[in-house]
Amino acid sequence: MKRILLLQTGGTIAMQIRRNEDGAMDNLPSDSLKKHIPELSEIAQIQCLDLFFKDSSDLSPSDWVVLARAIESNYQQFDGFVVLHGTDTMAYTASALSFCFKHLAKPVIFTGSQVPLSVIRSDAGRNLINAVQMATLPFCEVAICFNDKILRGNRSTKMSIGDFTAFTSPNHPPLAEIGIDIHVKHALRPGGSAMECYPVFSEELMVLRLFPGIKPSRYISLLNDNTRAVIISGYGSGNFPVSGEHSLLPFLEACLERNIFMVMASQAVFDAVDLEKYSSGRMARERGVISAGDMTMEAAITKMMFLLGRYSSPYQIRDAYMRSLRGELTIR
Ligand code: ASP
């Protein structure tokens, strides 16, 4: 029987419906999951590790490091890993972890639920059973297992607060479909080398979301020595205003002067940024802006956090950002 490590980080799946004296919901220790869902022990030999019980909005890169290190230090002893995680920032954590594991040869499957396990009609049991089953397969990706779909972690985004289908993978097909059987269709192949783990993330970046009426020059004063990259969430193919007080160009020039990496992403979730299509995109390119292509915002941000943490050479960061490191980007 395959050996699976179940790592608890918190979120709705870890909440008890019973409230404690403060009125907050109690946490559900992972070991009791096996009692709630006895079928789990028919699928695999499961060991639980409670790392933390946090709402995922409270998780930060230092928690990603703890999680990555826990997987790294147990890597040889287990065949696969299941991470229980709140849905709100699951796509960020899954993306971040995908970047820090190089030559991953075992499954790392994130799951959670929209409704606590202890509530009738919870989706927790099904998600967890699917995730554990998936973690027993020869599959070498960091993935999200939710509502009968397996999505590449760094291609996923939370799209629904109230629906059981909480996640979508707008620019990549599901890696596997779960029906009567599990069919893996699009997964990455394992690399030949041993797994390496680089859990290093820099928070020295800023995200600027455009909106009609924004005066981007106001944000120049926010750039400082701790700003090494700016990710701009522009419109459509990567467009932005170029005239008058709403022009983004002075902001881009201020970044260029300070040697800050500039990435253009899009508020549209499907398809890819194309900085050749319109004149604003071409003006951005002339000022050194690089495209986020078809990456999710979560991948665009965590990839930059990882690269800023991993490398100091601007050339290496820029070059690696434009390549697909873990299947997060379609190279056209
Ligand atoms: N607020 C919760 C969290 O992300 C939501 C969930 O788990 O679905 O931790």
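All residue numbers in the sequence shown are consecutive under my numbering, ending with 330.
C-beta atoms are modelled at their ideal positions from N, C-alpha and C, and glycine is treated no differently.
1. Check each candidate in MET13, ILE258, ALA252 and GLN265 and name the one with the smallest Cα separation from SER120.
2. Less than 8 Å between the C-beta atoms of LEU208 and SER191, yes or no?
3. Please classify LYS147 as buried or exposed, where buried requires at least 16 neighbouring CB atoms within 10 angstroms.
4. Compute the minimum distance between the beta carbon of THR85 and the heavy atoms of the ligand ASP, and state whether it is under 7 Å.
5. Answer yes or no: do LEU327 and ASP272 have a C-beta to C-beta separation smaller than 8 Å?
6. Under 8 Å, with one C-beta from each stretch per pair, do the region 94 to 111 and the region 289 to 308 reach the 3-pair mark?
7. CYS143 and THR91 - do their beta-carbons sit closer together than 8 Å?
8. Helix, strand or coil for GLY279? Go by DSSP, reduced to three states.
9. Is it the case that the CB of SER264 approaches a heavy atom of the ligand ASP more closely than 7 Å?
10. Would you report the Cα separation of ASP4 and ILE212, rounded to the nearest angstrom?
11. Quick check: is any heavy atom of the ligand ASP less than 7 Å from the C-beta of ASP53?
12. Can you give me the start and stop residues for the alpha helix (DSSP H) that SER158 sits inside?
13. Among ALA141, VAL63, SER30 and GLY307, which has the Cα closest to the Cα of PHE79?
14. From ASN222 to ASN125, what distance separates their C-alpha atoms?
15. Check whether the Cβ of GLN112 lies closer than 7 Å to any heavy atom of the ligand ASP, and answer yes or no.
16. By Cβ distance, which residues of its chain are closer than 8 Å to ILE218, with the 5 residues on each side in sequence left out?
17. Alpha carbon to alpha carbon, how far is MET260 from ASP161?
18. Are LYS156 and PRO171 close, meaning C-beta to C-beta below 8 Å?
19. So, for CYS195: in the same chain, excluding its five sequence neighbours on each side, which residues have a beta-carbon less than 7 Å away from its beta-carbon?
20. Would you say the beta carbon of GLY325 comes nearer than 7 Å to a heavy atom of the ligand ASP?
21. Please confirm whether MET262 and GLY236 have their CB atoms less than 8 Å apart.
22. Using the Cβ count rule (16 or more neighbours within 10 Å means buried), how would you classify THR87?
23. Does the Cβ of THR10 lie closer than 7 Å to at least one heavy atom of the ligand ASP?
24. At which residues does the beta strand (DSSP E) containing THR85 begin and terminate?
25. Among the candidates ALA174, GLN265, PRO168 and ARG256, whose CA atom is the shortest distance from the CA of VAL205?
26. Report the three-state DSSP secondary structure of HIS181 (helix, strand or coil).
27. Which residues does DSSP pair with GLU175 in a beta bridge?
28. Excluding the 5 residues flanking SER154 on each side, which residues of the same chain have their C-beta closer than 6 Å to its C-beta?
29. Look at the Cβ atom of ASN224, then the Cβ atom of GLU243, and state whether they are nearer than 8 Å.
30. With DSSP collapsed to three states, give me the class of MET132.
31. In angstroms, rounded to a whole number, what distance separates the CA positions of LEU82 and ARG324?
32. Would you kindly report the start and end of the unbroken beta strand (DSSP E) that includes GLN6?
33. Given this structure, state the Cα-to-Cα distance separating GLU274 from CYS46, to the nearest angstrom.
Reading it off the structure:
1. Here residue 120 refers to the residue found at position 122 when the sequence shown is read from its first residue. The option with the nearest alpha carbon to SER120 is MET13.
2. For the purposes of this step, residue 208 is taken as residue 210 along the sequence shown, with counting starting at 1. For the purposes of this step, residue 191 is taken as residue 193 along the sequence shown, with counting starting at 1. No, Cβ-Cβ distance for LEU208 and SER191 is not below 8 Å.
3. Mapped onto the sequence shown, residue 147 falls at position 149. LYS147 is buried by the Cβ-count criterion.
4. The sequence position of residue 85 within the sequence shown is 87, counting from 1. Yes.
5. In the sequence shown, residue 327 corresponds to position 329, counting from 1. In the sequence shown, residue 272 corresponds to position 274, counting from 1. No; because the gap between Cβ atoms is not below 8 Å, this pair is not in contact.
6. Cβ pair count under 8 Å is three or more, so yes.
7. The residue given as residue 91 occupies position 93 in the sequence shown. The residue given as residue 143 occupies position 145 in the sequence shown. Against a cut-off of 8 Å, the Cβ pair of CYS143 and THR91 comes out as no contact.
8. Residue 279 sits at position 281 when you count from the first residue of the sequence shown. For GLY279, the secondary structure class from DSSP, reduced to helix, strand or coil, is helix.
9. Within the sequence shown, residue 264 is the residue found at index 266, counting from 1. Incorrect: SER264 has no Cβ contact closer than 7 Å to the ligand ASP.
10. Reading the sequence shown from its first residue, position 6 is the one you call residue 4. Reading the sequence shown from its first residue, position 214 is the one you call residue 212. Note that residue 4 is Leu in the sequence shown, not Asp. So the two alpha carbons sit approximately 45 Å from each other.
11. Taking the sequence shown and counting its residues from 1, one reaches residue 53 at position 55. Between the ligand ASP and the CB of ASP53, the shortest heavy atom gap is smaller than 7 Å.
12. In the sequence shown, the residue the question calls residue 158 occupies position 160. Unbroken run through SER158: none, as it is neither H nor E.
13. Counting from one through the sequence shown, the residue named residue 79 turns up at place 81. Nearest to PHE79 by alpha-carbon distance, out of ALA141, VAL63, SER30 and GLY307, is ALA141.
14. Position 224 of the sequence shown holds residue 222. Position 127 of the sequence shown holds residue 125. Cα to Cα, ASN222 sits roughly 43 Å from ASN125.
15. In the sequence shown, counting from the first residue as 1, residue 112 sits at position 114. The ligand ASP approaches GLN112 closely enough that one of its heavy atoms is under 7 Å from the residue's Cβ.
16. Taking the sequence shown and counting its residues from 1, one reaches residue 218 at position 220. Counting only Cβ-Cβ distances below 8 Å, and skipping sequence neighbours, we find PRO248, PHE249 and ALA252.
17. By one-based count along the sequence shown, residue 260 stands at place 262. By one-based count along the sequence shown, residue 161 stands at place 163. Going from the Cα of MET260 to the Cα of ASP161 covers about 35 Å.
18. Here residue 156 refers to the residue found at position 158 of the sequence shown. Here residue 171 refers to the residue found at position 173 of the sequence shown. No, these two residues do not count as a Cβ contact at 8 Å.
19. What you label residue 195 is simply residue 197 of the sequence shown in a count that begins at 1. Result list for CYS195: ALA66, GLU70, CYS98 and PHE99, in chain order.
20. Within the sequence shown, residue 325 is the residue found at index 327, counting from 1. For GLY325, the CB stays at least 7 Å from every heavy atom of the ligand ASP.
21. To locate residue 262, count along the sequence shown from 1; it is residue 264. To locate residue 236, count along the sequence shown from 1; it is residue 238. Taking 8 Å as the Cβ cut-off, MET262 and GLY236 qualify as a contacting pair.
22. Here the question's residue 87 lines up with position 89 in the sequence shown. Only buried fits THR87, as 16 or more other CB atoms lie within 10 angstroms of its CB.
23. Locating residue 10 in the sequence shown gives position 12, counting from the first residue. Within the cutoff, so yes.
24. By 1-based counting over the sequence shown, the position of residue 85 is 87. Counting along the chain, THR85 falls outside any beta strand (DSSP E), and DSSP gives it neither H nor E.
25. Numbered from its first residue, the sequence shown carries residue 205 at position 207. Of the candidates ALA174, GLN265, PRO168 and ARG256, the one whose C-alpha sits nearest the C-alpha of VAL205 is GLN265.
26. Sequence index remark: in the sequence shown, residue 181 carries index 183 (1-based). When secondary structure is reduced to three states using DSSP, HIS181 falls in the strand class.
27. Indexing the sequence shown from 1 puts residue 175 at position 177. LYS147 and HIS181.
28. If you number the sequence shown from 1, residue 154 lands on position 156. Closer than 6 Å at the Cβ level, and outside the excluded window around SER154, lie ALA89, ILE142, PHE165 and SER167.
29. Residue 224 sits at position 226 when you count from the first residue of the sequence shown. Residue 243 sits at position 245 when you count from the first residue of the sequence shown. Cβ atoms of ASN224 and GLU243: not closer than 8 Å.
30. Taking the sequence shown and counting its residues from 1, one reaches residue 132 at position 134. Helix, per DSSP.
31. Reading the sequence shown from its first residue, position 84 is the one you call residue 82. Reading the sequence shown from its first residue, position 326 is the one you call residue 324. Roughly 22 Å between the two C-alpha positions.
32. As a working note, residue 6 is residue 8 in the sequence shown. That run of the beta strand (DSSP E) goes 1 to 8.
33. Walking along the sequence shown from the start, residue 274 turns up at place 276. Walking along the sequence shown from the start, residue 46 turns up at place 48. Near 50 Å, if we compare the C-alpha coordinates of CYS46 and GLU274.
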